[in-house]
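Below is one structure; the comments refer to it alone.
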Amino acid sequence: MIETHPHLEARMRERGVSLKEIEKTLENGWLAKDAKPRTYGKVYIFPYNKDWCGKVFEEKEVTVYYKFIGEKIIVLTVKARYGKFSKGGKK
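The numbers in my numbering rise by one with no breaks, and the one at position 55 of the sequence shown is 56.
Here it is in structure tokens:
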């Protein structure tokens, strides 16, 4: 289970990312190469085919940045990019 906080929830709304997408990214994503030291990141590409800000995009790339406190995962923030990133919707 992921605990959210007001800052994370605000970023999720701004960027169009759901809690289910965060969970799937953490479970099935590949490592983000741009994570800072002592911070982890995972990336996952979702099929999208919906409107975002007035334009229809084929895919959504979600990146989740997090840390461990003990065995607990603390999500710091999320990013979303919309476009076409893969040949099959997943990397």
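Note that CB positions come from ideal geometry on N, CA and C, so glycine has one too. Predicted, not measured: the structure shown is a model, and the values here were computed from it.
Assuming residue 32 contacts residue 17 under a Cβ cut-off of 8 angstroms, what Cβ separation, rounded to an integer in Å, is found between them?
Counting from 1 along the sequence shown, the entry for residue 32 is found at position 31. Counting from 1 along the sequence shown, the entry for residue 17 is found at position 16. Going by Cβ atoms, the distance from residue 32 to residue 17 rounds to 23 angstroms, so no, they are not a contact pair.
For the beta strand (DSSP E) that residue 11 lies in, which residues bound it at each end?
For the purposes of this step, residue 11 is taken as the residue at position 10 of the sequence shown. Where residue 11 is concerned, there is no enclosing beta strand (DSSP E), although the alpha helix (DSSP H) it sits in stretches over 7-16.
Relative to the C-alpha of residue 82, which candidate in 48, 71 and 4 has its C-alpha closest?
Here residue 82 corresponds to residue number 81 of the sequence shown, with the count starting at 1. Checked all of 48, 71 and 4; the closest Cα to residue 82 is 48.
How long is the line joining the alpha carbons of residue 14 and residue 63, rounded to whole angstroms?
Sequence index remark: in the sequence shown, residue 14 carries index 13 (1-based). Sequence index remark: in the sequence shown, residue 63 carries index 62 (1-based). Straight-line Cα distance between these residues: approximately 13 angstroms.
Taking residue 62 as part of the beta strand (DSSP E), name the residues at either end of that continuous run.
In the sequence shown, counting from the first residue as 1, residue 62 sits at position 61. Looking at the DSSP string, the run of the beta strand (DSSP E) that includes residue 62 is 56-70.
Give me, in chain order, the residues of the same chain whose beta-carbon lies closer than 8 angstroms to that of residue 8; leave out the 5 immediate sequence neighbours on both sides.
The residue you call residue 8 lines up with position 7 of the sequence shown. Cβ neighbours of residue 8 beyond the five flanking positions: 78.
Going by DSSP, what residue range makes up the beta strand (DSSP E) through residue 51?
Taking the sequence shown and counting its residues from 1, one reaches residue 51 at position 50. From DSSP, the beta strand (DSSP E) with residue 51 extends over 41-53.
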